[in-house]
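Working notes for the structure below.
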Amino acid sequence: DTGVSQNPRHKITKRGQNVTFRCDPISEHNRLYWYRQTLGQGPEFLTYFQNEAQLEKSRLLSDRFSAERPKGSFSTLEIQRTEQGDSAMYLCASSLGQNNEQFFGPGTRLTVL
Amino acid sequence: AQSVTQLGSHVSVSEGALVLLRCNYSSSVPPYLFWYVQYPNQGLQLLLKYTTGATLVKGINGFEAEFKKSETSFHLTKPSAHMSDAAEYFCAVSLNTNAGKSTFGDGTTLTVKP
Chain A
-11 DTGVSQNPRH KITKRGQNVT FRCDPISEHN RLYWYRQTLG QGPEFLTYFQ
39 NEAQLEKSRL LSDRFSAERP KGSFSTLEIQ RTEQGDSAMY LCASSLGQNN
89 EQFFGPGTRL TVL
Chain B
11 AQSVTQLGSH VSVSEGALVL LRCNYSSSVP PYLFWYVQYP NQGLQLLLKY
61 TTGATLVKGI NGFEAEFKKS ETSFHLTKPS AHMSDAAEYF CAVSLNTNAG
111 KSTFGDGTTL TVKP
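Going down the list, the protein sequences come from chains A and B.
When we follow our numbering, the leftmost residue of the first sequence carries the number -11, and every step to the right adds one.
When we follow our numbering, the leftmost residue of the second sequence carries the number 11, and every step to the right adds one.
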């Protein structure tokens, strides 16, 4: 069990560019969650997958955001036409769906200039 | 719907003193409750969780929390603070449903003074 991994750990981009983040969950976990965390706040739910199906999306997830989980393994989160307000830490978590205990990755810190 | 309120965004204690971090929740159904710790530039690590059963829950690093339904609280305590406990702590609630998404409080930064 190597834990949840996320890449890249840091991303600096210019406003208007597209960025893509990757999350590799714990291998046997069927649920995968994306959260966004800004300075001084707790993580905010963005979306979650059960296997390859995206079952819920937050209102925070504008149409510039898209997430996929092909084959129910790793997941990608893409942000198109980035804005300065997208600057945040993007956290991925996975779980087995038992008692909702989630295991978090180290996060990807996005800075939009 | 569910929500979490963490009272006190900053708590400072002396090394060896009692740690008390407060968390109140609201939930329309029986909740699952969690405390996580986050060190700078790292992800969240689960300290402890309450799902069902015993209301006093023991976690890692000497932390424990008590689920009090009548007070809708899930306060985190540790009898004796250590310098390594300095971090940010998040309380979270999720519903006893298939979704499993968690709602987090805004966090409490714990400072431990020597």
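Ideal Cβ positions, reconstructed from N, Cα and C, are used throughout, including at glycine.
Asked                                                                                                                               : Found
Residue nearest to residue 35/A in terms of C-alpha spacing, selected from 96/A, 78/A, 14/A and 101/A                               : 78/A
Chain B contacts from the stretch 17 to 30 of chain A (Cβ-Cβ distance under 9 Å)                                                    : 19, 21, 23, 25, 28, 29 and 30
Buried versus exposed call for residue 57/A [16 or more other C-beta atoms within 10 Å across all chains shown]                     : buried
Contact set between residue 78/A and chain B, taken where Cβ atoms lie within less than 7 Å                                         : Within 7 Å Cβ-Cβ: nothing; residue 78/A doesn't reach chain B, min ~11 Å.
Residues, ordered as in the chain, of the stretch 78 to 91 of chain B that lie near chain A by beta-carbon distance below 7 Å       : none
Secondary structure of residue 39/A, DSSP reduced to three states                                                                   : coil
Test: residue 112/B CB closer than 9 Å to a CB of chain A                                                                           : yes
Residue from 7/A, 19/A and 25/A with nearest C-alpha to residue 44/A                                                                : 19/A
Short CB-CB distance (under 9 Å) between residue 46/B and chain A                                                                   : yes
C-beta neighbour in chain A for residue 51/B, strict 9 Å                                                                            : yes
Chain-order list of residues whose beta-carbon lies under 6 Å from that of residue 101/A (same chain, five-residue window excluded) : 2
Cβ-based contacts, 7 Å cut-off: residues of the stretch 51 to 84 of chain A near chain B                                            : 79 and 83
Whole runs of the beta strand (DSSP E) within the stretch 14 to 96 of chain A, excluding any shorter than 3 residues                : 19 to 25, 32 to 38, 41 to 45, 53 to 56, 63 to 67 and 76 to 83
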